[in-house]
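In order, the protein sequences belong to chains A and B. Here the first sequence is numbered in numbering that gives the first Met the number 0, starting from 0 and rising by one per residue. Here the second sequence is numbered in numbering that gives the first Met the number 0, starting from 0 and rising by one per residue. Remarks on the structure that follows.
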Amino acid sequence: MSCKDNLRVGIYLCDCEGKLAPTVDFNKVKTNIQTTANFEFIRIANFLCGKSEQERLAEEIDRYSLDRLLIVGCVDPKIKRQFIEFGEEKGICRYHIEFVDICKPGKENVEGTVSLINEGLLKMQDRSTIVYEELNVLPEVLVIGCGKEGAATALAISENQPVTVVDNESSQEGKQLIEGKKNITVKTGVKVVGLEGFPGQFLVRFLDNGKHVKQSFGAIIVALDAQPCFNQDKYQLRLGERILSLSQFINDDKDYSGQKVTFLLGQADEDSLLSHAAVLKNALMLKEKGADVNILYEDMKVSADQLEQDYEAARARGVNFLKYNGDLQVHLTAVAVTVRYWEPFLPQIEQIRLVSDYLVLAEDYLPDSGTADLATALDVRTGPDGFFQKDNVHFLPIMSNREGIYFVGSCHGPIHGIELQKEIETAKAEVGRFAGGKVRVLALQPQVTAEKCAVCLTCYRTCPHHAIEIVHDESFNNMYHSAARMHPLACRRCGICAAECPGKAIQLPLYTDQEILQQISRPPKLVAYACENSGALAADMAKSLDPNLQIDLQIVPVPCSGKIDALYLLKALEQGADGVLLLVCHKENCKFVWGNERADQRMEQVRRRLREAGLEEDRVEIVYLAANQGNQFIASVQSMAARINQLGSNPGKVIE
Amino acid sequence: MIVVENKPVEDILQMIAPYKKVLIAGCFGCVTVCLAGGEKEVGLLASQIRMARQKDGSPIEVLEQTVERQCDKEYLDKFQDNAREVEAIVSLACGIGIQYLAEVYEPIPVFPGVNTQFLGANLDVGVWEEYCMACGECVLDKTGGICPIARCSKHLLNGPCGGSQYGKCEVSKDVDCGWHLIYERLKALGQLDKMAEFIPAKNWHREKGPRKLVKEELTLERD
Chain A
0 MSCKDNLRVG IYLCDCEGKL APTVDFNKVK TNIQTTANFE FIRIANFLCG
50 KSEQERLAEE IDRYSLDRLL IVGCVDPKIK RQFIEFGEEK GICRYHIEFV
100 DICKPGKENV EGTVSLINEG LLKMQDRSTI VYEELNVLPE VLVIGCGKEG
150 AATALAISEN QPVTVVDNES SQEGKQLIEG KKNITVKTGV KVVGLEGFPG
200 QFLVRFLDNG KHVKQSFGAI IVALDAQPCF NQDKYQLRLG ERILSLSQFI
250 NDDKDYSGQK VTFLLGQADE DSLLSHAAVL KNALMLKEKG ADVNILYEDM
300 KVSADQLEQD YEAARARGVN FLKYNGDLQV HLTAVAVTVR YWEPFLPQIE
350 QIRLVSDYLV LAEDYLPDSG TADLATALDV RTGPDGFFQK DNVHFLPIMS
400 NREGIYFVGS CHGPIHGIEL QKEIETAKAE VGRFAGGKVR VLALQPQVTA
450 EKCAVCLTCY RTCPHHAIEI VHDESFNNMY HSAARMHPLA CRRCGICAAE
500 CPGKAIQLPL YTDQEILQQI SRPPKLVAYA CENSGALAAD MAKSLDPNLQ
550 IDLQIVPVPC SGKIDALYLL KALEQGADGV LLLVCHKENC KFVWGNERAD
600 QRMEQVRRRL REAGLEEDRV EIVYLAANQG NQFIASVQSM AARINQLGSN
650 PGKVIE
Chain B
0 MIVVENKPVE DILQMIAPYK KVLIAGCFGC VTVCLAGGEK EVGLLASQIR
50 MARQKDGSPI EVLEQTVERQ CDKEYLDKFQ DNAREVEAIV SLACGIGIQY
100 LAEVYEPIPV FPGVNTQFLG ANLDVGVWEE YCMACGECVL DKTGGICPIA
150 RCSKHLLNGP CGGSQYGKCE VSKDVDCGWH LIYERLKALG QLDKMAEFIP
200 AKNWHREKGP RKLVKEELTL ERD
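Written as structure tokens, this is what we have:
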């Protein structure tokens, strides 16, 4: 066994101040390793965690130009952290430091230690592709939307990098705020019709006032204002001189001083903080101009910054807040508009009649009319009520399913002003990474073996992040001279592609098939493939809930349940497990869009295959859980353990 | 692409019941692309077979190998080391590969691991549709680029028939009427007059048996 020649490995055997010396003869290990393995430097250390040893280690890293460290000794998370921090200071990436714990029972001898060291070296070789890549990126940012939100976003970002703001036909209220400003170009009558490329180097196709043009950008921010929309069907009221929609009211410049104005909330604006914010703001302004103001509400929504203060201020200045319950009736006469309603806290009182000069109706906020088309053009997803972004707890507010494309403001659901500010700041930080024209990233994206790539497009189509391209390169040794490539800036490292590949051409660094299958080479009764965003965390929690928890279980962490290859399930059973669990995130809540759905489909596939092979399909089960469901983890594992006890030993296991 | 579907494992187990050592032969061509016969599927099937046989008390050794294409002899030669080791081979290539493999490796029995379905397009992950039946005499110029042989249930050259309703075929409401598609396409192309053109019946009679194509200007003079 040898490492690739270009790796400069330093092996450190630490006997922990002599504590390990009685069990393992380090000199013999060293001699053995020297004859079998390929490395740059090896040394027996006495106390590697100590300060003086670390100084010596630092010196040796420089002297021998070491870029990989293999630490052999007693290993715990604290020691790991210490060495990872140390490595970072010395410019050695965390994935290039390998730990070999020789305190494992059964391995406390020369032979065992040597085999563990060789395993470690092999792992290092697997990880040899993990290197830092420096990529050229464009600092230019495209902001889609020239309303107030788009303008505010553009202004913030233009402090650091150039911004182009485009808008097709929606509100261009923000135009005058940004036109002519430094670092900002504004183009109206421009529709985004297509997108190619990857973060840092997007190529955007536009229909610019009827002409097809294209331009490159580093990142894209969608900031289309949600549009207020009066819903005639919900109100069953006709707008007129005395009954106005909120946007009609905002846009007219009539003098309401001395008039009685009633705002009506809760009839057609459910779930919308925007309508509550707008009503409060206008009620306050109106009150200051000397009007008599009522707000009729069913539930007052103030769950956003500043709204509570606005509510308090409105009350203090004499705006009447009137709560109603259920249906209400509106009567219009030539001189007034009357609302009849029921007061929920005073049931003995007959219907209340509220007479006003004007009735202002709150409105729905709907996504910009171009949202669906834009989502198709950018290949990003829409969610509830047609707004951008799926309703998924794993998604931070500005995140889309693609790196380098962000949603700011009410385009992803009606949000209130101060939240908007926070989103703008976050987006500014995100796109700010590209301001310098270069980024340095760890190449942790899946690696493709071109010889095995059939360019079948399965990975390309199943990637939820649009992170894959098919590239042509004469050096690729297959009949097409083409292969899939995962872009380091676009890839989120879920590993779905690796699990989908029909040619086994794709390997995700740190989670290669070899690394995963090695963990189940001699499995216990139960193997659980656990998503690191839910199952694996729930397992950790379970341990803290019940430190005495004893289950004969091997947990194999995966970055996403979409990485759980059908082959992993069959292999676990073939190699001796009696049952296999898939611990995955709740439906519709996969951090990687559809990883858990793919896992579910693969489980069904494997159950079919077991049936066909005459084996019990119940040996494979999927469990949906969240990171904080330690109890659910315990219950699921115990119930599976009971099930396999009932089923008995797996008759299909093939053990040599 | 040639589209295939995996045979149920029960069938394969029955075929290889007498043997103690077999090779699963994958193909890197169409069957990898249609997710039924590449290295991945070879591994899954091998694992299934090992477990099924273990359970039945007659353990089996299963070798796994995938080559570029099973429809070319040079690639089939790559199986020779493994073929020598085994009593039988299960091929996951299309019907062409299975036959050619059986021919090259006679007298080793070669069994089909897939059912070859049709020549089709990959519409999306896991979705394929028949587009061509290799009739040998293309009429796509007359039918707006939609094949009446492959996509009309009755292979009618002059359609639609009376079974076309609301764009669907009387065979099944899930099947598009091929001639309806042709009509819509010709309309979009502004070539509706082609609907009135009569396409004469094909000569389906094969005077010389199975088809063979020899391009004299390309063949080598081999001794």
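The beta-carbon is built from N, C-alpha and C at its ideal position, and this holds for glycine as well.
Which chain B residues sit within Cβ distance under 7 Å of residue i?
i	result
A:P501	T31, L34, G37, K39, E40
A:T457	L34, V124
A:P463	What A:P463 touches in chain B: nothing, since even the nearest Cβ is about 12 Å away.
A:A565	L43
A:L569	L43, S46, Q47
Compare the Cα-Cα distances from residue i to each of the options and report the closest residue.
i	options	result
A:N477	A:K50, A:G325, A:A453	A:A453
A:V8	A:Q124, A:Q549, A:Q266, A:R618	A:Q124
A:Y162	A:G144, A:Q171, A:E168	It is worth fixing the name first, because residue 162 of chain A is Val in this sequence and not Tyr. Of the listed residues, the one whose Cα sits closest to A:V162 is A:G144.
A:H393	A:L443, A:Q81, A:K524, A:V592	A:V592
B:C110	B:L118, B:Q98, B:C26	The identity of residue 110 of chain B in the sequence shown is Phe, whereas the question assumes Cys. The shortest C-alpha separation from B:F110 is found at B:Q98.
A:I32	A:Y11, A:E16, A:S409, A:L536	A:Y11
A:G199	A:L509, A:A312, A:E429, A:Q631	A:E429
A:F320	A:S302, A:K79, A:V278	A:V278
A:I101	A:E422, A:E118, A:G90	A:E118
A:S271	A:E424, A:E362, A:A640	A:E362
A:E418	A:E611, A:A151, A:Y63, A:G578	A:A151
A:D617	A:R608, A:A625, A:E297, A:L624	A:R608
B:A200	B:K72, B:C134, B:L12, B:Q190	B:C134
A:N644	A:A571, A:D372, A:L525	A:L525
A:A565	A:F386, A:P501, A:I554	A:P501
A:H330	A:A267, A:Y296, A:R237, A:Y405	A:R237
A:P413	A:A276, A:K570, A:R316	A:A276
Run through chain A and tell me which residues come within less than 8 Å of residue i, C-beta to C-beta.
i	result
B:D123	R460
B:F117	Chain A residues near B:F117: none, gap ~18 Å exceeds 8 Å.
To which residues does DSSP link residue i through a beta bridge?
i	result
A:Y623	A:V583
A:K186	A:V165
B:E63	B:I23
A:A529	A:P556, A:L582
A:S635	Note: A:S635 sits in no beta bridge, so no partner.
B:G120	In the sequence as displayed, the identity of residue 120 of chain B is Ala instead of Gly. Beta-bridge pairing links B:A120 to B:E128.
Hey, is residue i's beta-carbon within less than 8 Å of any beta-carbon in chain A?
i	result
B:M50	yes
B:V8	yes
B:F110	no
What residues in its chain sit with their C-beta under 6 Å from that of residue i, if we drop five residues either side in the sequence?
i	result
A:C13	A44, L47, G72
A:Y340	Y323, L327, I351
A:R673	Outside the displayed span of chain A (0 to 655) sits residue 673 of chain A, for which this structure offers no information.
A:M540	G629
A:Y357	R241, V260
If we define contact as Cβ-Cβ less than 8 Å, is residue i a contact residue for chain B?
i	result
A:R601	no
A:A361	no
A:R521	no
A:E611	yes
A:M0	In this predicted model, A:M0 has a pLDDT of only 34, less than 50, meaning its place in the structure is not dependable enough to derive any value.
A:A466	no
A:K524	no
A:L572	yes
Please list, in chain order, the chain B residues whose beta carbon lies closer than 9 Å to that of residue i.
i	result
A:T375	Within chain B, no residue comes near A:T375; the closest Cβ sits about 15 Å away, beyond 9 Å.
Can you list, in chain order, the residues of its chain whose CB lies under 7 Å from that of residue i, leaving out five sequence neighbours each side?
i	result
A:E178	V185
B:L122	E128
B:R52	P58, I59
A:M0	Here the model assigns A:M0 a pLDDT of 34, short of 50, so the residue's position is not dependable and the matter cannot be decided.
B:H179	P159, S163, G166
Name, please, each residue of chain A whose Cβ falls closer than 9 Å to the Cβ of residue i.
i	result
B:P58	V653
B:E67	N477, M478
Residue i touches chain B at which residues, Cβ-Cβ below 8 Å?
i	result
A:R608	V8, L43, Q47
A:K562	Within 8 Å Cβ-Cβ: nothing; A:K562 doesn't reach chain B, min ~14 Å.
A:L121	The premise fails here: A:L121 is roughly 21 Å from chain B at the closest Cβ pair, so nothing lies under 8 Å.
A:A453	F27, G28, T31, V32, G37
At a CB-CB cut-off below 7 Å, which residues of chain A make contact with residue i?
i	result
B:K54	G613, L614, P650, G651
Here's a check: name, in chain order, each residue in its chain whose Cβ is nearer than 8 Å to the Cβ of residue i, leaving out the five neighbours to either side.
i	result
A:V660	Residue numbering for chain A in the displayed model covers 0 to 655; residue 660 of chain A lies beyond these limits and cannot be assessed.
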